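Comments concern the structure below.
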Amino acid sequence: MVHITFLIGTDYSTEEKPGELLLEYQHIEVHYLVRSIQTKLKTIVTYRELSLVIQEKENEDEVGLATYSNSESTVLSSIFENLWIQSELKQ
Numbered sequence: 032m033v034h035i036t037f038l039i040g041t042d043y044s045t046e047e048k049p050g051e052l053l054l055e056y057q058h059i060e061v062h063y064l065v066r067s068i069q070t071k072l073k074t075i076v077t078y079r080e081l082s083l084v085i086q087e088k089e090n091e092d093e094v095g096l097a098t099y100s101n102s103e104s105t106v107l108s109s110i111f112e113n114l115w116i117q118s119e120l121k122q
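With the sequence shown counted from 1, adding 31 to any position gets you this note's numbering.
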């Protein structure tokens with residue numbers, strides 16, 4: 032069986048989302064990202080070869096996430112994984 036994970040942007044908290052469909056398909060896992068999380072990532076792509084993704088933080092003392100790579104698949108995978116971890120922390 033394949034385990035499927037989704038990140039979905041929403042304007043609502045996760046408590047307001049229906050979970051009936053997910054109970055039927057237990058191999059599917061969905062996390063919801065509140066829009067405020069999504070807007071704090073800045074992505075810089077140079078000549079379609081290099082990527083830098085930086086998470087902005089409100090407080091200077093907080094440490095944000097950053098990813099640098101010259102491989103598109105590595106960058107996209109890392110972004111997804113970082114957002115997944117953040118969505119778990121918000122739940």
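Virtual Cβ for every residue (Gly too), placed ideally from N, Cα, C. Quantities reported herein were computed from a predicted structural model and do not represent experimental measurements.
Under a Cβ-count criterion, where at least 16 other Cβ atoms within 10 Å of its own Cβ denotes burial, should residue i be classed as buried or exposed?
{"i": "residue 57", "result": "exposed"}
{"i": "residue 118", "result": "buried"}
{"i": "residue 120", "result": "exposed"}
Helix, strand or coil: which one does DSSP assign to residue i?
{"i": "residue 117", "result": "helix"}
{"i": "residue 103", "result": "helix"}
{"i": "residue 55", "result": "helix"}
{"i": "residue 112", "result": "helix"}
{"i": "residue 33", "result": "coil"}
Sort out for me which residues DSSP pairs residue i with in a bridge.
{"i": "residue 98", "result": "84"}
I'd like to know whether the C-beta atoms of residue i and residue j end up nearer to each other than 8 Å.
{"i": "residue 84", "j": "residue 105", "result": "no"}
{"i": "residue 38", "j": "residue 54", "result": "no"}
{"i": "residue 4", "j": "residue 82", "result": "There is no way to answer for residue 4, as the model of the chain reaches only from 32 to 122."}
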